[in-house]
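Enquirer: Just so you know, the sequences run in chain order W and L.
When we follow our numbering, the leftmost residue of the first sequence carries the number 179, and every step to the right adds one.
When we follow our numbering, the leftmost residue of the second sequence carries the number 179, and every step to the right adds one.
Positions of the beta carbon are idealized from the N, C-alpha and C atoms, including for glycine.
The structure that follows is given in the form of structure tokens.
2 protein chains.
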Amino acid sequence: MNTVIQLDRIDREILKELQVDAELSNQELAERVGSSAASCWRRVKALREAGVLGPAVRLVDPALLGRGLDVFCEIRMKSQNRESRSAFEDFIALQEDVVACYSISGDWDYLLHIVARDMKDYERVLMRGILNHDAIANSSSKFVLRRIKFQTSIPL
Amino acid sequence: MNTVIQLDRIDREILKELQVDAELSNQELAERVGSSAASCWRRVKALREAGVLGPAVRLVDPALLGRGLDVFCEIRMKSQNRESRSAFEDFIALQEDVVACYSISGDWDYLLHIVARDMKDYERVLMRGILNHDAIANSSSKFVLRRIKFQTSIPL
DNA sequence: CTGAAGGTGAAATATGGATTTCATACTGAC
DNA sequence: GTCAGTATGAAATCCATATTTCACCTTCAG
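See the structure below:
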């Protein structure tokens, strides 16, 4: 299972286009990738059914909405047994200020990406929210000074 | 400039819905947020013009496309003067395996999010790509063992 | 109280796009 | 070489949706 799916040139171009602009019509898409609208539509349908092509989402501007502070927070657990990990992960799923969480190799156990309003707000999120969890031993926050690059698309 | 924009309850609900599903029709959207299609459409238009509502993108499944390895790579620069930073940032913009790059506080200067095919491929990206840049003094990679949480939406 | 400004919902209108059909072209197995 | 299986493009069909209009409220300044 989870085999990598084989794509031809046109499939790849379809994915490239749609990763950047989900609003393209089949007509326009077909022209860009050099195919017909019908064929293109069938390919998109197949890619969706294969699970390669996921949901379309609308991006918003965090700064304009008062969510100007990005923070990466590394977490070390007191113990890494299954129960505490599982409990922690369920807990993180509920924290809406945490937009991403990765289990990572190295000195730390988890890497959290948090979007806060400002420093004061981050204090709330961290102290009253996340660090409340008692499986956590230790944490370290890195504040984002500037977003140099940010894209939701992956290379093909 | 860059003032935070004030939204009412309905605007916020519109943003919540659209952040998760960009394909909603105005009709459906209106029902969900408890408004009329016309009014809803005017709000969406205004939110777009204000820049709050950005582009719609289509997410893909990296694993199914053979991009199963996420890595976070911290970078320390030899010097942090304007020229080397600027050159490095331009350089990163061109690296398509780097999906995100942040300038951060703390011991390191930059945090890179890289999407690679596998370890062997990451060696290529890092050694033959990124570390080639001669403004870099030092780097440290953390490999993602598992994605616990990943969302493109921010809380409102 | 009055009138201007701005937002609202229902309904009319316009427009564009998704989806299917069909005849044809390609591919690989035998 | 032939046949089954599969993908293709053009055109026809079927839909739904965006967008506008208009009469009506609400708010608030004077």
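Which residue's Cα is closest to the Cα of Ser317 (chain L): L:Leu309, L:Lys223 and L:Arg324?
Expert: Indexing the second sequence from 1 puts residue 317 (chain L) at position 139. Considering only alpha carbons, the answer is L:Leu309.
Enquirer: Does the distance from the CB of Ile270 (chain L) to the CB of Ile314 (chain L) come in under 8 Å?
Expert: As a position in the second sequence, residue 270 (chain L) is number 92, starting the count at 1. As a position in the second sequence, residue 314 (chain L) is number 136, starting the count at 1. Contact: no.
Enquirer: For the stretch 267-281 of chain W, which residues have a beta carbon sitting closer than 8 Å to at least one beta carbon of chain L?
Expert: Glu267, Ile270, Ala271, Glu274, Asp275, Val276, Val277, Ala278, Cys279, Tyr280 and Ser281
Enquirer: Residues of the stretch 280-307 of chain L in Cβ contact with chain W at a cutoff of 8 Å, in chain order, please.
Expert: Tyr280, Ser281, Ile282, Ser283, Gly284, Trp286, Tyr288, Leu289 and Val293
Enquirer: Quick check on the burial criterion: 16 or more other C-beta atoms within 10 angstroms. Buried or exposed for Asp293 (chain W)?
Expert: Against the first sequence, residue 293 (chain W) aligns to sequence position 115. Before going further, note that residue 293 (chain W) is Val rather than Asp in the sequence given. The residue in question, Val293 (chain W), is buried, as its Cβ has 16 or more Cβ neighbours within 10 Å.
Enquirer: Is the shortest distance between the beta-carbon of Ile188 (chain W) and the beta-carbons of chain L less than 8 Å?
Expert: By one-based count along the first sequence, residue 188 (chain W) stands at place 10. Nearest CB-CB separation between Ile188 (chain W) and chain L: not below the 8 Å threshold.
Enquirer: Are the stretch 216-236 of chain L and the stretch 196-205 of chain L in contact at 8 Å, needing three or more beta carbon pairs?
Expert: These segments touch.
Enquirer: List the whole-angstrom C-beta distance separating Ile326 (chain L) from Tyr280 (chain W), where the pair is believed to meet the contact cut-off of C-beta under 8 Å.
Expert: For the purposes of this step, residue 326 (chain L) is taken as the residue at position 148 of the second sequence. For the purposes of this step, residue 280 (chain W) is taken as the residue at position 102 of the first sequence. With a Cβ gap of about 6 Å, Ile326 (chain L) and Tyr280 (chain W) count as contacting.
Enquirer: Is there a C-beta anywhere in chain L that falls below 8 Å from the one on Gln197 (chain W)?
Expert: Numbered from its first residue, the first sequence carries residue 197 (chain W) at position 19. Residue contact with chain L for Gln197 (chain W): present (Cβ-Cβ distance below 8 Å to some residue of chain L).
Enquirer: From L:Tyr288, L:Gly246 and L:Trp286, pick the residue whose C-alpha is nearest to that of Asp299 (chain L); which is it?
Expert: For the purposes of this step, residue 299 (chain L) is taken as the residue at position 121 of the second sequence. Residue L:Gly246 is the option with its Cα nearest to Asp299 (chain L).
Enquirer: Under 8 Å, do Gln342 (chain L) and Val277 (chain W) count as touching if we go by C-beta distance?
Expert: For chain L, the structure presents residues 179 to 334; residue 342 (chain L) sits outside this window and is missing.
Enquirer: Just list the residues that DSSP pairs Val249 (chain L) with in beta bridges.
Expert: If you number the second sequence from 1, residue 249 (chain L) lands on position 71. Its beta-bridge partners are L:Ile292 and L:Phe321.
Enquirer: Looking at Ala234 (chain W) and Glu201 (chain L), is the spacing between their C-beta atoms short of 8 Å?
Expert: As a first step, residue 201 (chain L) must be located in the second sequence, where it is residue number 23. As a first step, residue 234 (chain W) must be located in the first sequence, where it is residue number 56. Inclusion of Glu201 (chain L) and Ala234 (chain W) in the CB contact set at 8 Å is warranted, their separation being smaller than that value.
Enquirer: Any Cβ of chain W within less than 8 Å of the Cβ of Glu209 (chain L)?
Expert: Stepping through the second sequence from its first residue, residue 209 (chain L) is reached at position 31. Using a Cβ-Cβ cut-off of 8 Å, Glu209 (chain L) does not count as an interface residue toward chain W, since no Cβ of chain W sits closer than that to its own.
Enquirer: Can you list the residues of chain L that Phe234 (chain W) reaches, using a CB-CB cut of under 8 Å?
Expert: Working through the first sequence from its first residue, we reach residue 234 (chain W) at position 56. The question names Phe, but residue 234 (chain W) is Ala in the sequence shown. What Ala234 (chain W) touches in chain L: Asp199, Ala200, Glu201, Ala234, Val235, Arg236 and Leu237.
Enquirer: Sorted by chain position, which residues of the same chain lie with C-beta nearer than 6 Å to Ser213 (chain W)'s C-beta, five sequence neighbours on each side aside?
Expert: Residue 213 (chain W) sits at position 35 when you count from the first residue of the first sequence. Around Ser213 (chain W): Ile188.
Enquirer: Return the residue from the list L:Thr181, L:His291 and L:Gly232 that minimises the CA-CA distance to Ser331 (chain L).
Expert: Residue 331 (chain L) sits at position 153 when you count from the first residue of the second sequence. Nearest of L:Thr181, L:His291 and L:Gly232 to Ser331 (chain L), Cα basis: L:Gly232.
Enquirer: Got a sec, what are the start and stop residues for the beta strand (DSSP E) Ser281 (chain L) sits in?
Expert: Numbered from its first residue, the second sequence carries residue 281 (chain L) at position 103. Here the beta strand (DSSP E) through Ser281 (chain L) covers Val276 to Ile282.
Enquirer: Can you tell which of L:Phe321, L:Tyr288 and L:Asp287 has its C-alpha closest to the C-alpha of Tyr288 (chain W)?
Expert: Here residue 288 (chain W) corresponds to residue number 110 of the first sequence, with the count starting at 1. Taking only the C-alpha atoms, the option nearest Tyr288 (chain W) is L:Phe321.
Enquirer: Please classify Val182 (chain L): does DSSP put it in a helix, a strand, or coil?
Expert: Numbered from its first residue, the second sequence carries residue 182 (chain L) at position 4. Note: Val182 (chain L) maps to coil in three-state DSSP.
Enquirer: Assign Arg221 (chain W) to one of two classes, buried (16 or more other C-beta atoms within 10 Å of its C-beta) or exposed (fewer than that).
Expert: Translated into positions along the first sequence, residue 221 (chain W) becomes position 43. So Arg221 (chain W) ends up on the buried side.
Enquirer: Starting from Arg190 (chain W), follow the beta strand (DSSP E) in both directions and report where the run begins and ends.
Expert: On the first sequence, position 12 is the one that residue 190 (chain W) refers to. Element bounds for Arg190 (chain W): not the beta strand (DSSP E) but the alpha helix (DSSP H), Arg187 to Val198.
Enquirer: Could you check whether Gly307 (chain L) and Asp275 (chain L) sit closer than 8 Å to each other, using their CB atoms as the reference points?
Expert: For this step, residue 275 (chain L) is matched to residue 97 along the second sequence. For this step, residue 307 (chain L) is matched to residue 129 along the second sequence. Yes.
Enquirer: Across which residues does DSSP place Asn316 (chain L) in a beta bridge pair?
Expert: Position 138 of the second sequence, counted from the first residue, corresponds to residue 316 (chain L). The partner list for Asn316 (chain L) (beta bridge, DSSP) reads L:Arg254.
Enquirer: Determine, using beta carbons only, whether Arg324 (chain W) comes closer than 8 Å to chain L.
Expert: Within the first sequence, numbered from 1, the residue matching residue 324 (chain W) stands at position 146. By this cut-off, Arg324 (chain W) is an interface position.
Enquirer: Which same chain residues end up closer than 6 Å to Met179 (chain L) when comparing Cβ atoms and leaving out the 5 residues on each side of it in sequence?
Expert: On the second sequence, residue 179 (chain L) is found 1 positions in, with the first residue counted as 1. Note that Met179 (chain L) scores 48 on pLDDT, short of 50, meaning its location in the model is unreliable; the coordinates nonetheless yield the value given after this. Around Met179 (chain L): no qualifying Cβ.
Enquirer: I want to see whether chain W comes within less than 8 Å of Ile332 (chain L), judged by CB atoms only; does it?
Expert: As a working mapping, residue 332 (chain L) is identified with position 154 in the second sequence. Closer than 8 Å: yes.
Enquirer: Verify the CB distance criterion: does Leu309 (chain W) have a CB-CB separation below 8 Å to chain L?
Expert: Your numbering for residue 309 (chain W) matches position 131 in the first sequence. Leu309 (chain W) does not count as touching chain L.
Enquirer: In chain W, which residues lie with their C-beta within 8 Å of the C-beta of Leu247 (chain L)?
Expert: Residue 247 (chain L) sits at position 69 when you count from the first residue of the second sequence. Neighbours of Leu247 (chain L) on chain W: none; closest Cβ ~11 Å, over 8 Å.
Enquirer: Tell me, to the nearest whole angstrom, how far the beta carbon of Ile183 (chain L) is from that of Val211 (chain L); I am working on the premise that it is less than 8 Å.
Expert: Here the question's residue 183 (chain L) lines up with position 5 in the second sequence. Here the question's residue 211 (chain L) lines up with position 33 in the second sequence. With a Cβ gap of about 17 Å, Ile183 (chain L) and Val211 (chain L) do not count as contacting.
Enquirer: Since Leu242 (chain W) and Val230 (chain L) should fall inside the 8 Å C-beta cutoff, what is the C-beta to C-beta distance between them, to a whole number of angstroms?
Expert: Residue mapping note: residue 242 (chain W) aligns to position 64 of the first sequence, counting from 1. Residue mapping note: residue 230 (chain L) aligns to position 52 of the second sequence, counting from 1. Sure, about 5 Å apart at Cβ, within 8 Å.
Enquirer: Along the beta strand (DSSP E) that carries Val222 (chain L), what are the first and last residues, could you check?
Expert: As a working note, residue 222 (chain L) is residue 44 in the second sequence. From DSSP, Val222 (chain L) is part of no beta strand (DSSP E) but of the alpha helix (DSSP H) over Ala215 to Glu227.
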